[in-house]
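Colleague: Everything in the sequence shown is counted per full-length UniProt numbering, starting at 1 for the first residue and increasing by one.
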Amino acid sequence: MQSQALYILLALLSAIIMGTIGVFAKYAALPAEQITFFRLLLGSLFLISFMFISGKKGDIFHKPSKRHLFNGLMLAGFMSFYVKAIEYTSMANVIMVIYLAPLLTAIVAHFVFRERLKLVNIIAIAVALTGFSLMSTAPSASEIPDAGQSKGLLFSVVAMLSYSGFMLINRKPSQASPYQSTLVQLSVGALCLLPLVIMEPVPIDAEQLAWLLAIGLIPGFLAILFAVKALQHLPAVTFGTLAYLEPVAVVFLAWWLFAESLTPIQLFGCSLIILAGIAQGGLSQSPRLRSKSTPSRY
């Protein structure tokens, strides 16, 4: 069995790469449905190409399991409702709700998969949540109408539940390889969004196509594959805590590329999240914790 440290690294890379979608979407300047559709469709095509090149083409055509088909719906729902919520309320409000998903996932895994939560795990999650709340600055009530806030909250909750479902389903041991399960989930997610793209076609120029290819390769193919591989080997509480590095990546990219300043409180919040991730990674290296996590065959 490969070292647990490899899957911690994959979880870290997945979280950081996921954070790039906002940057690519900003440059692509296309509707949310188009961006999400091409992220999933091109991600699946990149994965098929990789499987051909790496000698895994025999795994492409297989009978997918019902839960992986369902998880494709969860993936499309998470991405779509996430973007939809931002149309009605602030990014800070949406993120604050969605990133309750790792906590919910850890609690459900405690009862369903018997991944027992220890006090140190709970403390690490609490530190990450504290750091995340310090990073987020909600707008005043006057900036967004109450009706918009309510719709934004509803879409955020649905996105959070979809994200939690995605993590839990991928955490369950599977006979399928990570490549097979990722391919099914990306393809089904793209099919779920296809009707929306057909009903509202948008012209795409060469520059936008280049950004869509980047979206399909990086936050599509690589981020989802790394997440699926990590989830099949790491306890849900470990992956969930490491996922809080995504908003850190978003804040850093906003500062680096768009000159959005960071307050000392936000910097302190970033530090807390990073410390919580390091602590959770160290905890998952404990022989006792490793013996309680059930790795998949692949």
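Virtual Cβ for every residue (Gly too), placed ideally from N, Cα, C.
1) Mind checking whether Pro-178 and Ile-17 have CB atoms under 7 Å apart?
2) In this structure, does DSSP put Asp-59 in helix, strand or coil?
3) CB Ala-243 to CB Val-127, shorter than 7 Å?
4) Please classify Arg-114 as buried or exposed, where buried requires at least 16 other C-beta atoms within 10 Å of its C-beta.
5) Return the CA-CA distance between Cys-192 and Ile-278, expressed in angstroms with no decimal places.
6) Using C-beta distances below 7 Å, list every residue in its chain close to Leu-10, excluding the 5 sequence neighbours before and after it, in chain order.
7) Specify the secondary structure class of Val-202 as computed by DSSP and reduced to three states.
8) At which residues does the alpha helix (DSSP H) containing Thr-20 begin and terminate?
9) Return the chain-ordered list of same chain residues with a C-beta closer than 8 Å to the C-beta of Lys-42, the five sequence neighbours on each side being excluded.
10) What three-state label does DSSP hand Tyr-7 in the structure shown?
11) Closest Cβ-Cβ distance between Tyr-7 and chain D: below 7 Å?
12) CB-CB under 6 Å to Lys-84, same chain, minus the five flanking residues each way: which ones, in chain order?
13) Count the other C-beta atoms from every protein chain shown that fall within 10 angstroms of the C-beta of His-62, then say buried if there are 16 or more, exposed otherwise.
14) Using the Cα positions of Glu-33 and Pro-64, report the straight-line distance between them to the nearest angstrom.
15) For Gly-189 versus Leu-40, is the C-beta distance shorter than 7 Å?
16) Consult DSSP for Leu-13 and reduce its assignment to one of helix, strand or coil.
Modeller: Let me lay it out:
1) Taking the sequence shown and counting its residues from 1, one reaches residue 178 at position 178. Taking the sequence shown and counting its residues from 1, one reaches residue 17 at position 17. For Pro-178 and Ile-17, no; Cβs fall outside 7 Å.
2) Residue 59 sits at position 59 when you count from the first residue of the sequence shown. Helix at Asp-59.
3) Indexing the sequence shown from 1 puts residue 243 at position 243. Indexing the sequence shown from 1 puts residue 127 at position 127. Contact: no.
4) Here residue 114 refers to the residue found at position 114 when the sequence shown is read from its first residue. With a threshold of 16 other beta carbon atoms within 10 Å, Arg-114 falls short and is exposed.
5) In the sequence shown, counting from the first residue as 1, residue 192 sits at position 192. In the sequence shown, counting from the first residue as 1, residue 278 sits at position 278. Spanning the two alpha carbons is a distance of roughly 36 Å.
6) Reading the sequence shown from its first residue, position 10 is the one you call residue 10. Non-local C-beta neighbours of Leu-10 in its own chain, meaning closer than 7 Å and more than five positions away in sequence, comprise Phe-226, Lys-229, Ala-230, ordered along the chain.
7) To locate residue 202, count along the sequence shown from 1; it is residue 202. Reduced to three states, the DSSP call for Val-202 is coil.
8) In the sequence shown, counting from the first residue as 1, residue 20 sits at position 20. Judged by DSSP secondary structure, Thr-20 falls outside any alpha helix (DSSP H); it is assigned neither H nor E.
9) Within the sequence shown, the letter at position 42 stands for residue 42. Position check: residue 42 holds Leu in this sequence, whereas Lys was assumed. For Leu-42, where only same-chain residues beyond five positions count, the Cβ hits under 8 Å are Leu-212, Leu-213, Ile-215, Gly-216, Leu-217, Gly-220, Phe-221.
10) Within the sequence shown, numbered from 1, the residue matching residue 7 stands at position 7. The three-state reading of DSSP puts Tyr-7 in helix, counting H, G and I together.
11) Included in the structure is just one protein chain, with no chain D present.
12) The residue you call residue 84 lines up with position 84 of the sequence shown. Contacts found: Phe-155.
13) Within the sequence shown, residue 62 is the residue found at index 62, counting from 1. Result: exposed.
14) One-based indexing of the sequence shown puts residue 33 at position 33. One-based indexing of the sequence shown puts residue 64 at position 64. Across the structure, Glu-33 and Pro-64 are spaced so that their CA atoms are roughly 25 Å apart.
15) Working through the sequence shown from its first residue, we reach residue 189 at position 189. Working through the sequence shown from its first residue, we reach residue 40 at position 40. Note that the C-beta distance between Gly-189 and Leu-40 is below 7 Å.
16) By one-based count along the sequence shown, residue 13 stands at place 13. Helix at Leu-13.
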